[in-house]
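**Q** Counting from 88, one number per residue, gives the positions in the sequence shown under our numbering.
Even for Gly, the Cβ is constructed at its ideal location relative to N, Cα and C.
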Amino acid sequence: MLVCHCRRVCHREVLGACESGANSVEEVGRACGAGTGCGGCHPLIEDLIQLHQRREADRDAAPGVQAPAA
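1) Rounded to whole angstroms, what's the CA-CA distance from Cys105 to Arg94? Just pull it up for me.
2) Specify, as a first and last residue, the run of the beta strand (DSSP E) that Cys91 falls within.
3) Between Ile132 and Val90, which are expected to be in contact by the criterion C-beta below 8 Å, what is the C-beta distance as a whole number of angstroms?
4) Let me check understanding here. Comparing Cα to Cα, which of Leu138, Gln140, Val96 lies closest to Gly120?
5) On a CA-only basis, which of Gly108, Cys128, Glu114 is nearest His98? Give me that one, please.
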């Protein structure tokens, strides 16, 4: 799914940035460019950051069980 129309960044790239340690819209922007244009995608980027954080918490809570990829 295309998240940032200005920079043509899809949700997988945003989640990849999160996997690499990005924890804010600004950090995601530095990592993959999403959110550095008009800013209209900031709420969706924030949602994806929260999704990533929930998945990480689920993985930590259930050792040995891997959550499915995006």
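**A** Concretely, from the data shown:
1) Taking the first residue of the sequence shown as position 1, residue 105 is located at position 18. Taking the first residue of the sequence shown as position 1, residue 94 is located at position 7. The straight-line gap from Cα to Cα measures roughly 17 Å.
2) Taking the sequence shown and counting its residues from 1, one reaches residue 91 at position 4. Run containing Cys91: 89 to 91, per the beta strand (DSSP E) assignment.
3) Position 45 of the sequence shown holds residue 132. Position 3 of the sequence shown holds residue 90. Going by Cβ atoms, the distance from Ile132 to Val90 rounds to 6 Å, so yes, they are a contact pair.
4) The residue labelled residue 120 in the question sits at position 33 within the sequence shown. That would be Val96, whose Cα lies nearest to the Cα of Gly120.
5) As a working mapping, residue 98 is identified with position 11 in the sequence shown. Checking every option, the nearest Cα to that of His98 belongs to Cys128.
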